[in-house]
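All remarks here apply to the structure that follows.
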Amino acid sequence: VTLSWSCSDFDQEVWMLGDSYFNMTDTQRWPSYMLKEGYTEYLLTGYPGRKSADALADFKDLLDFGTPKYAVWCMGMNDGDGASGVNASWQAATEEFIAICDEKGIIPILSTIPNTPTVINSFKNEIVKASGCRYIDFATAVNGTEKGSAWDAGMLANDQVHPLAPGAKALWEQVKKDIPDLLK
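Note that my numbering has the sequence shown beginning at 14, numbered continuously upward.
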């Protein structure tokens, strides 16, 4: 028996790594709006509960099959910060992600992660903003910049972690604002 498999997305210039916020069909997730608007030229990988260390391992595996021009790192909600400092696992994975990108000539694009009433992301967002990398400012998009933020009205689901459709739309609008040159 011979089994073969291929994926043309490995040839895309843009690779995006995320978590449960990445869903192509759920209107409560921003990538669904990207797809609805006809943007299809990217590799997108994510799943619920994904931590940054897992995304980094996946990124390394994906690099066996191709090398993007841009790598978009939308990781951190499942690696919440502590009350007094950044999540060390997120920081280590993010630093290694950037180092790999630099080594391979990939342009890294980071993202801020919105704070919620149950998850602190303020410390990682400071690091993202000070990194010198381009970034998508998801925290600003939903008014989730401060610890304990409940986002703008109607944007945050009852679970206090995920967006509702208006929040997902706001996140998508921020993607278009911050990285319009990557959308094809």
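Beta carbons: idealized from backbone N, C-alpha and C, even for Gly.
Everything numeric in this text was worked out from a predicted model, so none of it was measured.
The residues Gly59 and Cys87, in chain order, have a CB closer than 6 Å to that of Gly31 in the same chain once the five nearest residues on each side in sequence are set aside. Here DSSP, grouped into helix, strand and coil, assigns Ser162 to coil.
Here Asp39 has Ser45 as same chain residues with Cβ atoms under 7 Å from its own Cβ, once five neighbours each way along the sequence are excluded. Beyond the five residues adjoining it in sequence on each side, Ile140 comes within less than 8 Å, by CB distance, of Val99, Gln104 and Thr107 in the same chain, given in chain order. Straight across, the Cα-Cα distance linking Thr80 with Ile119 is about 8 Å.
Put simply, the stretch 111–118 does not touch the stretch 46–66. Fewer than three CB pairs are less than 8 Å apart.
Following the DSSP letters along the chain, one finds Ala154 in no beta strand (DSSP E) but inside the alpha helix (DSSP H) bounded by residues Phe151 to Ala154. Sequence-distant Cβ neighbours of Asp165 in its own chain, meaning closer than 7 Å and more than five residues away, are Val155 and Asn156. Around Trp185, the same chain offers Trp43, Tyr46 and Met47 as residues with beta carbons nearer than 7 Å, after the five sequence neighbours per side are excluded. In the same chain as Arg63, and ignoring 5 residues on each side of it, the C-beta atoms closer than 7 Å to its own belong to Asp32 and Asn91, in chain order. Excluding the 5 residues flanking it on each side, Val174 has same chain C-beta neighbours closer than 7 Å at Met90, Thr129, Thr131 and Val132, in chain order.
Cβ neighbours of Leu76 within its own chain (closer than 8 Å, five residues either side excluded): Ile113 and Lys117.
If you ignore the 5 residues before and after Ser162, its C-beta comes within less than 6 Å of the C-beta of Asn128, all in its own chain and listed in chain order. In the three-state reduction of the DSSP assignment, Trp86 falls in the strand class.
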